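These notes are about the structure you will find just below.
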Amino acid sequence: MALSTLPHARSKLFCYSLANRRRFWLRVFVGVGVVASFGACKTPDPNQRVTGSGGTFVKYSSAQVSVDLTATERDALAGMRDHSFAGASSERALAAVAAALKASGYAPVTVDADTALVEGGRSEVLVPKWREVVRGVLKSKIGSLPAKPDHQYTTALVSVRPPVSGSGVIVRARFDNTVWDSNGDARSKTVLAREDYDAFFSKVEAALHDSPAPFRP
697 MALSTLPHAR
707 SKLFCYSLAN
717 RRRFWLRVFV
727 GVGVVASFGA
737 CKTPDPNQRV
747 TGSGGTFVKY
757 SSAQVSVDLT
767 ATERDALAGM
777 RDHSFAGASS
787 ERALAAVAAA
797 LKASGYAPVT
807 VDADTALVEG
817 GRSEVLVPKW
827 REVVRGVLKS
837 KIGSLPAKPD
847 HQYTTALVSV
857 RPPVSGSGVI
867 VRARFDNTVW
877 DSNGDARSKT
887 VLAREDYDAF
897 FSKVEAALHD
907 SPAPFRP
């Protein structure tokens, strides 16, 4: 009698397992649908260009966001990006710009004498190493944690050109900053801190006073 009930018990167990699986996948599909609907309803920021998407409620990839400047921010940048250096030649100015970038931690720094452009990049870690280790251990134990800025990379693009009238040169600088968080998401935007531009131009002025040798390609 007991043996005859064994197939029946197995059948019930199979049906119960199958029902659980169906309920599980139903919840998954419903959840995905809800996430998709929320994403579709979210109004995108016209000044943000998303080159990758990591999901809203379910994290399945990293996201890369480029933030374009508004009209007001472009006007602000125009008021801080240029500086004139009277009496300086293009060759001396290029060398001074390269020296100023190197003094600010940019490496490598490249100088193109033909186009009068100087470029450089600077990497910075925003959190101590021990915090990264602790965060990694906690994340492996308890799962997802709120994202925090982790490291950043700043690019510098500097041009040297003659003024409309008179002697000397005009140096134009632009700094773009990309910050990665602890989830691997990145956000890029042009630097708009006037003090950063003023500090850079002060270093160019100091380098010019040191009379650096002209750059030789």
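The sequence shown lines up with residues 697 to 913 when you count with this note's numbering.
Where a beta carbon is used, it is the ideal one built from N, C-alpha and C, also for glycine.
Remember, it's a predicted structure, so these values are computed and weren't measured experimentally.
Practice problem: Could you work out which residue in Val875, Val856 and Tyr849 is closest to Ala782 when comparing CA atoms only? | Solution: Of the residues Val875, Val856 and Tyr849, the one whose Cα lies closest to the Cα of Ala782 is Val856.
Self-check item: N-terminal and C-terminal residue of the beta strand (DSSP E) that Arg868 is part of
Solution: First-last of the beta strand (DSSP E) with Arg868: Val865 to Asp877.
Exercise. For the beta strand (DSSP E) containing Arg857, list its first residue and its last residue.
Key: Taken as a continuous stretch (DSSP letters only), the beta strand (DSSP E) holding Arg857 covers Pro845 to Arg857.
Quiz item: Of all the options Pro858, Leu790, Pro845 and Asp778, which has the alpha carbon lying nearest to the alpha carbon of Asp892?
Solution: Nearest to Asp892 by alpha-carbon distance, out of Pro858, Leu790, Pro845 and Asp778, is Asp778.
Quiz item: For Cys737, does the count of other Cβ atoms within 10 angstroms reach 16, so buried, or fall short, so exposed?
Solution: Legend: pLDDT at Cys737 = 45, less than 50; position of this residue unreliable, value from coordinates given subsequently. Exposed, by the Cβ-count rule.
Quiz prompt | Three-state secondary structure (DSSP) of Gly727 | solution = The predicted position of Gly727 is uncertain, since its pLDDT is 48 and thus under 50; a value taken from the coordinates is nonetheless stated next. Correct three-state label for Gly727: helix.
Quiz item: Thinking just about the alpha-carbon of each residue, which of Thr747, Ala767, Ser819 and Val867 is nearest to the one in Tyr849?
Solution: For the set Thr747, Ala767, Ser819 and Val867, the Cα lying nearest the Cα of Tyr849 is the one of Ser819.
Practice problem: Rank Ile866, Ala772, Thr886 and Val805 by C-alpha distance to the C-alpha of Ser785 and give the top, closest one. | Solution: For the set Ile866, Ala772, Thr886 and Val805, the Cα lying nearest the Cα of Ser785 is the one of Ile866.
Self-check item: Cβ-based burial, Gly816 [other Cβ within 10 Å; buried from 16]
Solution: Answer is buried; the Cβ neighbour count reaches 16.
Self-check item: Other residues of its chain near Thr766: CB distance less than 8 Å, five sequence neighbours each side excluded
Solution: Cβ neighbours of Thr766 within its own chain (closer than 8 Å, five residues either side excluded): Asn743.
Quiz prompt | Limits of the unbroken beta strand (DSSP E) element including Ser819 | solution = Counted as a single uninterrupted DSSP element, the beta strand (DSSP E) harbouring Ser819 occupies residues Leu813 to Val821.
Practice problem: Using the Cα positions of Asn873 and Ala789, report the straight-line distance between them to the nearest angstrom. | Solution: Spanning the two alpha carbons is a distance of roughly 24 Å.
Exercise. State buried or exposed for Val860, treating a residue as buried only when at least 16 other CB atoms are found within 10 Å of its CB.
Key: Label assigned to Val860: exposed.
Self-check item: For Thr747, three-class secondary structure by DSSP
Solution: DSSP places Thr747 in the strand class (E or B) of the three-state scheme.
Exercise. Could you check what DSSP says for Arg777 in three-state terms: helix, strand or coil?
Key: In the three-state reduction of the DSSP assignment, Arg777 falls in the coil class.
Quiz item: Considering Asp894, what are the terminal residues of the alpha helix (DSSP H) in which it resides?
Solution: Its alpha helix (DSSP H) spans residues Arg890 to His905.
Quiz item: Buried or exposed: Ser780, going by 16 or more other Cβ atoms within 10 Å of its Cβ?
Solution: Result: exposed.
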